[in-house]
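Chemist: Mapping of the sequence shown onto my numbering: position 130 corresponds to residue 131, and the numbering continues sequentially without gaps. Note that the Cβ used here is the ideal one computed from N, Cα and C, for glycine as well.
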Amino acid sequence: MEVQTFEYDPKDVVETAQGNKIHKQCCAHGSQNIMLNGSSILLKDVVVRGDMAQVRMGKFCIVGERTVIRPSYKQFQKGATYFHSNVGDHVMIEEDCVIEAVQIGSYVHIGAGSIIGNGVIVKDCSIILPKSVIPPNQIIPPFTVFGGNPAKQIDDAPETTQLLMTQATSDYYQQYISETPELKKKYEDELQQQIEQLKQIQEELPFFRCLKAMIVN
Numbered sequence: 002m003e004v005q006t007f008e009y010d011p012k013d014v015v016e017t018a019q020g021n022k023i024h025k026q027c028c029a030h031g032s033q034n035i036m037l038n039g040s041s042i043l044l045k046d047v048v049v050r051g052d053m054a055q056v057r058m059g060k061f062c063i064v065g066e067r068t069v070i071r072p073s074y075k076q077f078q079k080g081a082t083y084f085h086s087n088v089g090d091h092v093m094i095e096e097d098c099v100i101e102a103v104q105i106g107s108y109v110h111i112g113a114g115s116i117i118g119n120g121v122i123v124k125d126c127s128i129i130l131p132k133s134v135i136p137p138n139q140i141i142p143p144f145t146v147f148g149g150n151p152a153k154q155i156d157d158a159p160e161t162t163q164l165l166m167t168q169a170t171s172d173y174y175q176q177y178i179s180e181t182p183e184l185k186k187k188y189e190d191e192l193q194q195q196i197e198q199l200k201q202i203q204e205e206l207p208f209f210r211c212l213k214a215m216i217v218n
């Protein structure tokens with residue numbers, strides 16, 4: 002699986018001693034209760050609600066922009082009790098998701114715009130398709146593909162899901178790199194070259210229009 006290179010401005014991202022890369026516009030509430038095991042990425046505008054209860058994430062977890070992760074809860078007469086939220090290793094959660102699961106296993110892929118309801122348990126090697134809605138307290142079995150609203154099982158996940166997710170998350174992490182002056186100059190040169198090509202095409206357009214008119218006549 003080929004992953005394109007993502008360059009970020011080093012001014013915008015904090016890299017921890019464990020290799021976690023966290024965008025400065027990521028909102029980590031109750032950061033003392035948020036545990037990242039290492040080599041994970043939290044992109045811009047991600048919200049993690051560690052102020053409600055502890056949130057633990059394994060290694061090589063990728064969380065897309067504007068995704069919200071908050072602990073699950075249970076309502077009692079005297080108020081709500083929040084439970085620890087656990088995410089395994091090599092998990093990819095795409096952008097614009099809302100995650101209230103009590104547990105997400107390892108090697109899981111959650112598609113963009115999905116809602117994982119309160120108290121849900123997502124087992125290892127599961128795939129949640131984009132814009133899926135998992136109702137509260139549901140258990141997603143391992144090696145399954147769920148989709149829809151409300152989400153239902155629509156297929157089995159490949160036997161190679163663990164390998165595929167390990168490769169996908171590792172590749173994404175390796176390709177999410179700090180922008181260097183050399184890279185910046187390279188892309189500026191490529192952009193300038195594209196601009197020059199567009200200018201040349203614009204200059205040649207009148208000639209081709211004239212030639213076409215001569216052929217038609």
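(1) Check whether the Cβ of residue 204 sits closer than 7 Å to any heavy atom of the ligand ADP, and report yes or no.
(2) Which runs of the alpha helix (DSSP H) fall wholly inside the region 140-185 and span at least 4 residues, in chain order?
(3) Alpha carbon to alpha carbon, what distance is there between residue 204 and residue 42?
(4) In the DSSP assignment, the beta strand (DSSP E) including residue 7 goes from what residue to what residue?
(5) Quick one: Cα of residue 103 to Cα of residue 71, how far?
(6) Should residue 150 go down as buried or exposed, given a rule of 16 or more other Cβ atoms within 10 Å for buried?
(7) What do you reckon, are the CB atoms on residue 135 and residue 121 nearer than 8 Å?
(8) Decide yes or no for the touch test of the region 168-183 against the region 7-19: beta carbon pairs closer than 8 Å, at least 3 of them.
(9) Closer than 6 Å by C-beta to residue 75: which residues in its own chain qualify, once you throw out the five before and the five after it? Chain order, please.
(10) Would you mind working out which of 88, 87, 94 and 77 sits nearest residue 67, comparing C-alpha positions?
(11) I'd like the list of long-range same chain contacts for residue 57, defined as Cβ closer than 6 Å, with 5 residues on each side in sequence excluded.
(12) So, at 6 Å on beta carbons, what are the nonlocal neighbours of residue 126 in its own chain, with the 5 sequence-adjacent residues on each side left out?
(13) Nearest to residue 13 by CA position, among 33, 64 and 46, is which residue?
(14) Taking residue 140 as the reference, give the member of 22, 18 and 152 with the closest Cα.
(15) Since I believe residue 51 is in contact with residue 89 (beta carbons under 8 Å), could you give me their beta-carbon distance rounded to a whole number of angstroms?
(16) What are the boundary residues of the beta strand (DSSP E) that includes residue 54?
(17) Which residue's Cα is closest to the Cα of residue 98: 91, 78 and 129?
(18) Kindly indicate which three-state DSSP category residue 32 falls into: helix, strand or coil?
Modeler: Concretely, from the data shown:
(1) Absent from the structure shown: the ligand ADP. Ligands present: none.
(2) Complete alpha helix (DSSP H) runs here, min 4: 162-176.
(3) Within the sequence shown, numbered from 1, the residue matching residue 42 stands at position 41. Within the sequence shown, numbered from 1, the residue matching residue 204 stands at position 203. Roughly 45 Å between the two C-alpha positions.
(4) Locating residue 7 in the sequence shown gives position 6, counting from the first residue. Start and end: 7-9.
(5) Residue mapping note: residue 103 aligns to position 102 of the sequence shown, counting from 1. Residue mapping note: residue 71 aligns to position 70 of the sequence shown, counting from 1. If you take the alpha carbons of residue 103 and residue 71, they lie about 9 Å apart.
(6) Stepping through the sequence shown from its first residue, residue 150 is reached at position 149. Exposed: under 16 other Cβ atoms inside 10 Å.
(7) If you number the sequence shown from 1, residue 135 lands on position 134. If you number the sequence shown from 1, residue 121 lands on position 120. Annotated as proximal: residue 135 and residue 121, with beta-carbon spacing under 8 Å.
(8) yes
(9) Working through the sequence shown from its first residue, we reach residue 75 at position 74. The answer, listed in chain order, is 82.
(10) Here residue 67 is taken as the residue at index 66 of the sequence shown, counted from 1. Residue 67 has its Cα closest to that of 94, out of 88, 87, 94 and 77.
(11) Position 56 of the sequence shown, counting from 1, holds the residue named residue 57. Excluding positions up to five away in sequence, the list reads 36 and 87.
(12) Residue mapping note: residue 126 aligns to position 125 of the sequence shown, counting from 1. If the five residues before and after residue 126 are omitted, its C-beta is found closer than 6 Å to the C-beta atoms of 108, 143, 144, 158, 162 and 163, all from its own chain and listed in chain order.
(13) As a first step, residue 13 is located in the sequence shown; it is residue number 12 there, counting from the start. The candidate whose alpha carbon is nearest that of residue 13 is 46.
(14) Indexing the sequence shown from 1 puts residue 140 at position 139. That would be 152, whose Cα lies nearest to the Cα of residue 140.
(15) For the purposes of this step, residue 89 is taken as residue 88 along the sequence shown, with counting starting at 1. For the purposes of this step, residue 51 is taken as residue 50 along the sequence shown, with counting starting at 1. About 18 Å; that fails the 8 Å criterion.
(16) Residue 54 sits at position 53 when you count from the first residue of the sequence shown. Looking at the DSSP string, residue 54 is not in any beta strand (DSSP E), and its letter there is neither H nor E.
(17) As a working note, residue 98 is residue 97 in the sequence shown. If we check each option's Cα against that of residue 98, 129 comes out closest.
(18) Position 31 of the sequence shown, counted from the first residue, corresponds to residue 32. Residue 32: helix per DSSP, three-state reduction.
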